[in-house]
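For reference, the structure is listed below as structure tokens.
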Amino acid sequence: MTDDKFALPIHWNDYEDIAMSLYEKFGDDFGESKIYRIRFTDLLEWVLSLPNFAGTREESNEGHLEQIQSAWVYEWRDNQ
């Protein structure tokens, strides 16, 4: 996602938007098996650092992070 001041904010349950942003950020550095091995502590920090991300650390939970991982894998597959 671009750092566009007019872009809508991204929240924790915007899994596909988060996944697209992570894929844009990391590209093919992370394949399917590598995405599923990312520690949730690392994934949490990466999500919080995304442009236009409006969620907070306190709002995160394991379910959100699992959904983000799955969506990221689907995004990666779509670009292969």
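Heads up, the sequence shown is in this note's numbering, so the first residue is 4 and it goes up one at a time. Quick reminder that beta carbons are idealized off the backbone N, C-alpha and C, glycines included.
Considered as a whole, the segment 9-55 harbours 18-29, 35-39 and 43-51 as its complete alpha helix (DSSP H) runs of no fewer than 4 residues, in chain order. Taking A57 as the centre and dropping the five residues before and after it, the same chain places the C-beta of P12, I13 and H14 closer than 7 Å to its C-beta, in chain order. Of R40, D32, F9 and A10, the smallest CA-CA separation from S73 is found for R40. For the options T44, L51 and F9, the alpha carbon positioned closest to that of S24 is the one of L51.
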